[in-house]
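Numbering (this note's numbering), first residue to last: -11 to 89. Don't be surprised by glycine CBs; every beta carbon is placed ideally from N, CA and C. Quick caveat, the model's predicted, so the values are computed rather than measured. Step one of this worksheet: look at the structure below.
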């Protein structure tokens, strides 16, 4: 587990993220210590220079976390979650559209 995690968000969400980042950091550290029994203090840092607006032109919202100098990335945006739901629901959609009658 890395001790430094970079967080990126949309430019319009920067004030909100700044207001809750310390609370999120504390919650993450508490949960990781409870579940791994390892005491690692992770520092969340908001990257205000490289907002998600630059990479994702029509993003609805969310955050992208990265650690180990970008080698590990967690894309937790609303768009990514919707795509995950669509992929997860495709078998059901396919069955509903093309079911044998």
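Check	Outcome
In the segment 27 to 63, which residue ranges form an unbroken beta strand (DSSP E) of at least 3 residues, counting only runs that do not cross its ends?	31 to 34, 50 to 55
Starting from residue -5, trace the beta strand (DSSP E) both ways and give me its first and last residue.	-8 to -3
Taking residue 102 and residue -10 to be in contact with their CB atoms under 8 Å, please state how far apart those CB atoms are, rounded to whole angstroms.	Examination of residue 102 is not possible in this model, given that the chain is present from -11 through 89 alone.
Which value, in whole angstroms, describes the spacing of the CA atoms of residue 65 and residue 81?	23 Å
Considering only residues of the same chain and omitting the five flanking positions on each side of residue -7, which have a CB-CB separation below 6 Å?	30, 32, 53, 55
What residues match up with residue 91 in a beta bridge as DSSP calls it?	Past the boundaries of the shown model lies residue 91; the chain is included only from -11 to 89, so the question cannot be answered.
In whole angstroms, what is the alpha-carbon distance linking residue 16 and residue 40?	22 Å
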